[in-house]
Amino acid sequence: MVYNTADIVVVGRFAGSEALAAVGATSSLINLILNVFLGMAMGSGVMSARYIGAEDDNRLEKCIHTALLLGLISGVAVGIFGFCMAEKLLILMDSPADVLPLSKKYLQIYFLGAPASLVYNFGAAIVRSTGDTKRPLYILSATGIVNIVLNLVLVIVFKLNVAGVAIATIVAQYISAVLIIIRLLKFDGACRLHFSKLRINAREMKKILLIGVPAGVQNSLFSFSNVIIQSTVNSFGSTVMSGVTAASNVEGIVYTCTNAISQTTMTFSSQNMGARKYENIGKIYMRCLLLSALIGGGLCLFGVIFKNQAIGIFSADPAVIKIGAERLAIVLPFHVLCSLMDVGGGQLRGMGRSFEPMIITLLGSCGIRLLWVFVFFPKNPTLTYLYMTYPVSWSITFFVLFIAYFIIKRNILKKERYV
Numbered sequence: 166m167v168y169n170t171a172d173i174v175v176v177g178r179f180a181g182s183e184a185l186a187a188v189g190a191t192s193s194l195i196n197l198i199l200n201v202f203l204g205m206a207m208g209s210g211v212m213s214a215r216y217i218g219a220e221d222d223n224r225l226e227k228c229i230h231t232a233l234l235l236g237l238i239s240g241v242a243v244g245i246f247g248f249c250m251a252e253k254l255l256i257l258m259d260s261p262a263d264v265l266p267l268s269k270k271y272l273q274i275y276f277l278g279a280p281a282s283l284v285y286n287f288g289a290a291i292v293r294s295t296g297d298t299k300r301p302l303y304i305l306s307a308t309g310i311v312n313i314v315l316n317l318v319l320v321i322v323f324k325l326n327v328a329g330v331a332i333a334t335i336v337a338q339y340i341s342a343v344l345i346i347i348r349l350l351k352f353d354g355a356c357r358l359h360f361s362k363l364r365i366n367a368r369e370m371k372k373i374l375l376i377g378v379p380a381g382v383q384n385s386l387f388s389f390s391n392v393i394i395q396s397t398v399n400s401f402g403s404t405v406m407s408g409v410t411a412a413s414n415v416e417g418i419v420y421t422c423t424n425a426i427s428q429t430t431m432t433f434s435s436q437n438m439g440a441r442k443y444e445n446i447g448k449i450y451m452r453c454l455l456l457s458a459l460i461g462g463g464l465c466l467f468g469v470i471f472k473n474q475a476i477g478i479f480s481a482d483p484a485v486i487k488i489g490a491e492r493l494a495i496v497l498p499f500h501v502l503c504s505l506m507d508v509g510g511g512q513l514r515g516m517g518r519s520f521e522p523m524i525i526t527l528l529g530s531c532g533i534r535l536l537w538v539f540v541f542f543p544k545n546p547t548l549t550y551l552y553m554t555y556p557v558s559w560s561i562t563f564f565v566l567f568i569a570y571f572i573i574k575r576n577i578l579k580k581e582r583y584v
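So the sequence shown is numbered by the working numbering: it starts at 166 and just counts up by one.
Structure (structure tokens):
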């Protein structure tokens with residue numbers, strides 16, 4: 166999150182509103198393309214945690230080496246696709262002509278870092294599955310500082326505009342990939358990386374994909390609905406795009422903090438499923454729901470109170486601040502529902518069920534948002550009405566996931582003859 170936020174703050178402050186709009190216009194598109202593969206990284210973390218809980222070192226070793234090679238191959242494929250298709254995808258999103266060249270330049274450079282991004286994410290998922298969440302944090306803290314320093318140097322000193330922040334991002338991504346690989350090389354036991362053992366194991370890849378692909382598709386469909394909303398926002402012009410970009414980054418910080426609880430839910434549930442400690446599953450879910458509500462609620466309250474100051478970090482333009490603050494006032498009070506929704510999806514994936522949350526999110530979030538944009542929004546084409554699609558879709562999706570958890574849990578326990 167620091168990478169993208171730093172990019173937007175620097176271009177917003179030192180390169181102008183057009184550059185801010187150009188970088189902001191790419192966020193949903195980047196997420197749309199990358200999320201399928203980040204879902205696979207999630208799948209590798211779930212399976213690693215499962216084997217750790219079951220103390221199955223042989224399958225754990227195969228899973229880790231399969232996952233890392235899969236991450237590298239996926240990263241190269243995503244990088245080539247994103248670089249070649251950048252302009253066509255931006256045109257499909259109705260990006261305004263005044264920001265299209267800058268958006269294209271940023272996007273093409275950004276996708277050169279896709280191999281490093283996916284190698285890091287696959288590696289970090291494995292490290293976190295062991296219970297070590299500190300080192301990925303240390304790595305991203307260090308490379309986040311590198312990113313910020315390079316942003317300032319390349320934009321202010323060398324006047325590289327959006328190209329400067331994109332270059333800074335991919336340099337930081339490659340450093341983070343190298344550091345996570347070094348960490349994996351230093352592990353003891355079955356979690357240790359050996360370059361000579363990097364190969365695709367068909368059985369483990371299938372298990373990773375069974376969890377990861379539905380999770381990735383779910384996130385991409387979520388991003389697809391955001392791309393549609395972003396396309397609608399684009400029609401209001403570059404000033405509105407800048408305000409929405411700044412507000413979205415504030416919301417993104419809240420999301421990132423609470424999504425960490427969703428990742429925790431997934432890892433703990435998977436380890437306990439592997440160890441057949443089914444009595445812990447309900448405790449994990451309820452405690453993570455409470456944590457997510459407390460963290461998300463506190464951050465959202467803080468964001469609403471200081472909404473003007475938060476948007477002011479990204480831009481000094483009064484029009485941009487006004488638009489961004491209006492969005493935060495509408496969306497942030499309900500953002501905790503998004504946090505609770507994510508915990509539900511993470512819980513089900515940790516229990517080995519990834520298809521159900523994908524379908525629920527497809528219908529609950531994506532379906533409602535598309536219906537809202539294409540059916541209801543034309544009757545009242547205002548930004549306020551457009552923003553209301555978020556709380557409506559979050560609340561419905563959370564409720565359905567909450568009910569699905571109890572049904573699926575009971576079915577799993579019956580199958581295991583635990584009830």
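For each residue, glycine too, the CB sits at the ideal point set by N, CA and C.
When DSSP states are grouped into helix, strand and coil, T191 belongs to the helix group. Counted as a single uninterrupted DSSP element, the alpha helix (DSSP H) harbouring G177 occupies residues 167 to 179. The DSSP-derived three-state label of G402 is coil. Distance from the Cα of D263 is smallest, within the candidate group K574, M523, G439, S400, for S400. Looking only at S390, I173, R215, T191, the smallest Cα-Cα distance to K253 is reached by T191. Across the set F563, T554, N169, the C-alpha of N169 shows the shortest separation from the C-alpha of N316.
Taking all protein chains in view, the Cβ of T421 is surrounded by fewer than 16 other Cβ atoms within 10 Å, so the residue is classified as exposed.
Your pair I373 and T231 checks out as a contact, with CB atoms roughly 7 Å apart and the cut at 8 Å. The three-state secondary structure of E252, taken from DSSP, is helix. With fewer than 16 other Cβ atoms from the protein chains shown falling within 10 Å of its own Cβ, N576 counts as exposed. In the three-state reduction of the DSSP assignment, H230 falls in the helix class, which pools H, G and I. Under the three-state reduction of DSSP, S260 is assigned to coil, being neither helix nor strand. Assigned with DSSP and collapsed to three states, S480 falls in coil, not helix or strand.
Selection R441, N414, Q395, M438 evaluated against A171 yields N414 as nearest (Cα-Cα). The C-beta of Q474 has fewer than 16 other C-beta atoms within 10 Å across all chains shown, which makes the residue exposed. For S294 and I340, the gap between their C-alpha atoms comes out near 22 Å. Each of F179, V167, T432 was checked against the Cα of A481, and the nearest Cα belongs to F179.
Fully enclosed beta strand (DSSP E) runs of no fewer than 3 residues are not present anywhere in the region 533 to 567. From the listed residues A337, A289, M438, Y552, the smallest Cα separation to P498 is found for Y552. Comparing alpha-carbon positions, the option among V292, A331, M406 lying closest to L225 turns out to be V292.
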